[in-house]
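Q:
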Ligand SMILES: Nc1ncnc2c1ncn2[C@@H]1O[C@H](COP(=O)(O)OP(=O)(O)OP(=O)(O)O)[C@@H](O)[C@H]1O
Ligand SMILES: [Mg+2]
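Protein chains in written order, with the UniProt record's numbering: chain E, 1 to 265; chain X, 1 to 374.
1. Using the Cα positions of residue 86 of chain X and residue 255 of chain E, report the straight-line distance between them to the nearest angstrom.
2. Between the segment 215-237 of chain E and chain X, which residues of the former have a C-beta closer than 9 angstroms to a C-beta of the latter?
3. Does DSSP put residue 204 of chain E in a helix, a strand or coil?
4. For residue 148 of chain E, which option in E/22, E/99, E/33 has the closest C-alpha, if you only look at C-alpha atoms?
5. So which residues on chain E does residue 56 of chain X lean against when the C-beta distance must stay under 7 angstroms?
6. Since residue 53 of chain E is in the alpha helix (DSSP H), which residue starts that stretch and which ends it?
7. Roughly how many angstroms lie between the CA atoms of residue 2 of chain E and residue 247 of chain X, to the nearest whole one?
8. Spell out a yes or no on whether the segment 65-72 of chain X and the segment 35-45 of chain X are touching, meaning 3 or more CB-CB pairs, one atom from each, closer than 8 angstroms.
9. Using a beta-carbon distance cut-off of less than 7 angstroms, what residues from the segment 32-65 of chain X approach chain E?
10. Buried or exposed: residue 240 of chain E, going by 16 or more other Cβ atoms within 10 Å of its Cβ?
11. Within 8 angstroms (strictly less), CB to CB, does residue 234 of chain X reach chain E?
12. Please list the partners that residue 129 of chain E has in chain X, where partner means a Cβ-to-Cβ separation under 7 angstroms.
13. Going along the chain, which residues of the segment 236-259 of chain X sit with their C-beta nearer than 8 angstroms to a C-beta in chain E?
14. Return yes when the C-beta of residue 51 of chain E is under 7 angstroms from any heavy atom of ligand 1, and no when it is not.
15. Determine the direct distance from the alpha carbon of residue 210 of chain X to that of residue 281 of chain X, and round the result to whole angstroms.
16. Would a C-beta distance cut-off of 8 angstroms place residue 349 of chain X and residue 231 of chain X closer than the cut-off?
17. At a cut-off of 7 angstroms, is residue 56 of chain E close to ligand 2 when judged by its beta-carbon and the heavy atoms of the ligand?
18. Which of the three DSSP states, helix, strand or coil, is assigned to residue 88 of chain X?
19. Reducing DSSP to helix, strand and coil, say where residue 235 of chain E ends up.
20. May I have the straight-line CA-CA distance separating residue 365 of chain X from residue 212 of chain X, to the nearest angstrom?
21. Taking Cβ to Cβ, would you say residue 197 of chain X is nearer than 8 angstroms to residue 293 of chain X?
22. Should residue 95 of chain E be counted as a contact of ligand 3 given a C-beta to heavy atom distance under 7 angstroms?
23. So residue 123 of chain E contacts chain X; which residues on that side make the cut at Cβ distance below 8 angstroms?
24. Chain X beta carbons: is any one of them nearer than 8 angstroms to that of residue 83 of chain E?
25. So, under 8 angstroms CB-CB, residue 235 of chain X and residue 343 of chain X are touching, yes? Tell me the CB distance rounded to an integer number of Å.
26. Under three-state DSSP, which class holds residue 148 of chain X?
27. Residues of chain X with CB closer than 9 angstroms to the CB of residue 119 of chain E, please, in chain order.
28. Taking only three categories from DSSP, how would you classify residue 109 of chain X?
29. For residue 272 of chain X, which option in X/184, X/176, X/201 has the closest C-alpha, if you only look at C-alpha atoms?
30. Count the C-beta pairs between the segment 74-82 of chain E and the segment 16-34 of chain E that are closer than 8 angstroms, then say yes if the count reaches three, no if not.
31. Ligand 1 and residue 48 of chain E: does any heavy atom of the ligand fall closer than 7 angstroms to the residue's C-beta?
32. What residues from chain X crowd round residue 134 of chain E, counting only those whose CB sits closer than 9 angstroms?
33. Does ligand 2 have even one heavy atom less than 7 angstroms from the beta-carbon of residue 173 of chain E?
34. Within this structure, are the beta carbons of residue 164 of chain E and residue 128 of chain E separated by less than 8 angstroms?
35. Taking the alpha carbon of residue 144 of chain X as the point to measure from, which residue in X/180, X/258, X/353, X/291 has its own alpha carbon closest?
36. Nearest chain X C-beta to residue 126 of chain E closer than 8 angstroms, yes or no?
What follows is the structure, encoded as structure tokens:
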């Protein structure tokens, strides 16, 4: 992937982002850089605008002010054709799956390929099958409809759809929320595995301290309408801010650190 | 349009190096390009991908396919020259290759078709039985509410009466008015041939009061409110609200179904009455214009010649039609599953089935009233 021009390894660059809904200000002067090949964890209290940030980066919501560049191209001021080409290079998994309920799991994964690629039906079906297997869904789940799947299986199916086009970046909105701890850990492993295998950059919105410890290279904290701090988990422990302290040093955080340490041992 | 072009893909090349029988691949091995490769290679001793610029999942799949194709059965040849990430990708894809044997599809036989017909018939019977059971449940709930009137949701009942009743008045009135006009117009054209113009009053009165007023009202209400019931209850079912109610000890039949059905049963006779009235007005107006039958003559002939039973027959049918529309609408709504498609499908089923059943029951009533002689 060396053909990238400009800033070699910053794949997402957000500068001075402002966003408000009526008189409710969500973001004000938000800056964020995401580097190629990393897994960045986005944390923040409920309602601090993590999902809104994600939606603005992928162009679903229009920011009020500020620049957003993904893979060296502005998301806002592009022609339709450029945006379509850009969109093909990322995959999104929404907070509540957003699978197409009238399509089976495999058809869901085929859907973006059908839209974006001109390839034979046989190849498309084979590739969709491989993607569904990659996310660890059992063979009998391929032909099932989303309503016939458990919550965890739906998340996996959503993940399979987001990597359908072999994207460079995947945006995952709380992939492990609502999963049991074992399922969540398995999902973390899956993300890490596919991240290295497919060379992905992962934009991971999460509340899950275990995920942060286990797989995130860096963490960005959203608070006070902007990115308050970015850094590794160790660096987060140094930060002197009440919410950050509470979050990374509270009882649950200590438990997660312990778990991560024993997992390494 | 093609998304691949803007990234400047180089077409992949495949060739066999003759001195050591190694397949050399170069260019971009990605999903858009691999289908342009048509290599039929004989036995080879290796695959070299050091010149491959991009490799994605599909490219990896292609390589593994190719390896299988050119390897002899005893041992697999090596894929050389892969970078570390490429090796990892190949390994991941290898673990997730599609199973060997594709499922062969059996042709559909006559026997299968017979079985399908049988299943459809039995399925239909089951639905009929279930629906009758549901009707019983609703009636039982209504009966228990008679003894505990405080449990009846008055707000909800009034709300639904407004929705299905008051808001339907304009459309129902207009429809009946136009039907009255059409009947008078067509009837007068025929009756004039016999010089029996004045019988147009009987024609209009009997057909509207006895049949058309209430039947057409029921059909409009089925289309308006039956579908709305299914859609509203169905989307609640889809978001698990109905299950949530059950776990909270609230009875969905009491809360969702009874107010709707009761509202319909109370309001459909009123709508039918309005339809009768406007239908007669439309008929009278047209008779006046077309035949010169003055409103006073129309009125006196209507009162003198039309038995009140014609009106009663229409009104007696109204609550039954209401029950059919309400029960079918709510039943189909409660049958909605987790997916959006079933909501749409069941909403249209609900309307079609309700209209069909209304007409069937109307026919049964005709026979019944003919037998009892009114
Ligand atoms: N379409 C919208 N219209 C109005 N307000 C909105 C809209 N979308 C989001 N908001 C508001 O923006 C704020 C941020 O929402 P967002 O969904 O990004 O939160 P979040 O950080 O993802 O929270 P959670 O962790 O609960 O998912 C919330 O206060 C929400 O009420
Ligand atoms: Mg969110």
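Ideal placement from N, C-alpha and C gives every residue a C-beta, glycine not left out.
A: The answer reads as follows:
1. Indexing the second chain from 1 puts residue 86 of chain X at position 86. Indexing the first chain from 1 puts residue 255 of chain E at position 255. Using only the alpha carbons, I get a separation of about 37 angstroms.
2. For the segment 215-237 of chain E, no residue has a beta-carbon sitting nearer than 9 angstroms to a beta-carbon of chain X.
3. The residue given as residue 204 of chain E occupies position 204 in the first chain. Collapsing the DSSP output to three states places residue 204 of chain E in a strand.
4. Residue numbering aside, residue 148 of chain E sits at position 148 when the first chain is read from its first letter. Residue 148 of chain E has its Cα closest to that of E/99, out of E/22, E/99, E/33.
5. Position 56 of the second chain, counted from the first residue, corresponds to residue 56 of chain X. Chain E residues near residue 56 of chain X: 166.
6. On the first chain, residue 53 of chain E is found 53 positions in, with the first residue counted as 1. For residue 53 of chain E, the uninterrupted alpha helix (DSSP H) segment begins and ends at 50-57.
7. Residue mapping note: residue 2 of chain E aligns to position 2 of the first chain, counting from 1. Residue mapping note: residue 247 of chain X aligns to position 247 of the second chain, counting from 1. Residue confidence is low: residue 2 of chain E scores 40 on pLDDT, short of 50, so the model does not pin down where it sits. No coordinate-derived value is stated.
8. Of all C-beta pairs linking the segment 65-72 of chain X to the segment 35-45 of chain X, three or more are shorter than 8 angstroms, placing the two stretches in contact.
9. Contacts with chain E (Cβ-Cβ distance below 7 angstroms) from the segment 32-65 of chain X involve 32, 35, 56, 57, 58, 61, listed in chain order.
10. Within the first chain, numbered from 1, the residue matching residue 240 of chain E stands at position 240. It counts as exposed.
11. To locate residue 234 of chain X, count along the second chain from 1; it is residue 234. So no, residue 234 of chain X is outside the interface.
12. Locating residue 129 of chain E in the first chain gives position 129, where the first residue counts as 1. For residue 129 of chain E, the chain X residues whose Cβ falls inside 7 angstroms of its Cβ are 98, in order along the chain.
13. Cβ contacts with chain E come from no residue of the segment 236-259 of chain X.
14. Taking the first chain and counting its residues from 1, one reaches residue 51 of chain E at position 51. The answer is yes for residue 51 of chain E.
15. As a first step, residue 281 of chain X must be located in the second chain, where it is residue number 281. As a first step, residue 210 of chain X must be located in the second chain, where it is residue number 210. So the two alpha carbons sit approximately 16 angstroms from each other.
16. Residue 349 of chain X sits at position 349 when you count from the first residue of the second chain. Residue 231 of chain X sits at position 231 when you count from the first residue of the second chain. Pairing residue 349 of chain X with residue 231 of chain X gives a Cβ-Cβ distance that is not under 8 angstroms.
17. The residue labelled residue 56 of chain E in the question sits at position 56 within the first chain. No, ligand 2 has no heavy atom inside 7 angstroms of this Cβ.
18. Sequence index remark: in the second chain, residue 88 of chain X carries index 88 (1-based). Of the three classes helix, strand and coil, the one that applies to residue 88 of chain X here is helix, per DSSP.
19. Locating residue 235 of chain E in the first chain gives position 235, where the first residue counts as 1. Of the three classes helix, strand and coil, the one that applies to residue 235 of chain E here is helix, per DSSP.
20. Taking the second chain and counting its residues from 1, one reaches residue 365 of chain X at position 365. Taking the second chain and counting its residues from 1, one reaches residue 212 of chain X at position 212. Cα to Cα, residue 365 of chain X sits roughly 14 angstroms from residue 212 of chain X.
21. Reading the second chain from its first residue, position 197 is the one you call residue 197 of chain X. Reading the second chain from its first residue, position 293 is the one you call residue 293 of chain X. Their beta carbons are under 8 angstroms apart, which means residue 197 of chain X touches residue 293 of chain X by this criterion.
22. In the structure shown, ligand 3 is absent; the only ligands present are ligand 1 and ligand 2.
23. Residue numbering aside, residue 123 of chain E sits at position 123 when the first chain is read from its first letter. Going along chain X in sequence order, the residues near residue 123 of chain E (Cβ under 8 angstroms) are 31, 34, 35, 58.
24. Translated into positions along the first chain, residue 83 of chain E becomes position 83. Not an interface residue.
25. For the purposes of this step, residue 235 of chain X is taken as residue 235 along the second chain, with counting starting at 1. For the purposes of this step, residue 343 of chain X is taken as residue 343 along the second chain, with counting starting at 1. That belief holds up - the Cβ atoms of residue 235 of chain X and residue 343 of chain X are roughly 6 angstroms apart, short of 8 angstroms.
26. Position 148 of the second chain, counting from 1, holds the residue named residue 148 of chain X. Coil.
27. Working through the first chain from its first residue, we reach residue 119 of chain E at position 119. Chain-order list of chain X residues neighbouring residue 119 of chain E: 31, 32, 34, 35, 58, by C-beta distance under 9 angstroms.
28. Numbered from 1 along the second chain, position 109 holds the residue referred to as residue 109 of chain X. If DSSP states are grouped into helix, strand and coil, residue 109 of chain X belongs with coil.
29. Start at 1 with the first residue of the second chain, and residue 272 of chain X comes out as number 272. When only C-alpha atoms are compared, the closest one is X/176.
30. No, the segment 74-82 of chain E is not in contact with the segment 16-34 of chain E.
31. Taking the first chain and counting its residues from 1, the one referred to as residue 48 of chain E is at position 48. If you check the C-beta of residue 48 of chain E against ligand 1, you find a heavy atom less than 7 angstroms away.
32. Locating residue 134 of chain E in the first chain gives position 134, where the first residue counts as 1. Those within 9 angstroms of residue 134 of chain E in chain X are 57, 92, 93, 95, 96.
33. Taking the first residue of the first chain as 1, we reach residue 173 of chain E at position 173. Short note on residue 173 of chain E: C-beta closer than 7 angstroms to some heavy atom of ligand 2.
34. By one-based count along the first chain, residue 164 of chain E stands at place 164. By one-based count along the first chain, residue 128 of chain E stands at place 128. Yes, Cβ-Cβ distance for residue 164 of chain E and residue 128 of chain E is below 8 angstroms.
35. As a first step, residue 144 of chain X is located in the second chain; it is residue number 144 there, counting from the start. X/258 is the residue among X/180, X/258, X/353, X/291 whose C-alpha sits nearest the C-alpha of residue 144 of chain X.
36. Your numbering for residue 126 of chain E matches position 126 in the first chain. By the rule that beta-carbons nearer than 8 angstroms mark a contact, residue 126 of chain E touches chain X.
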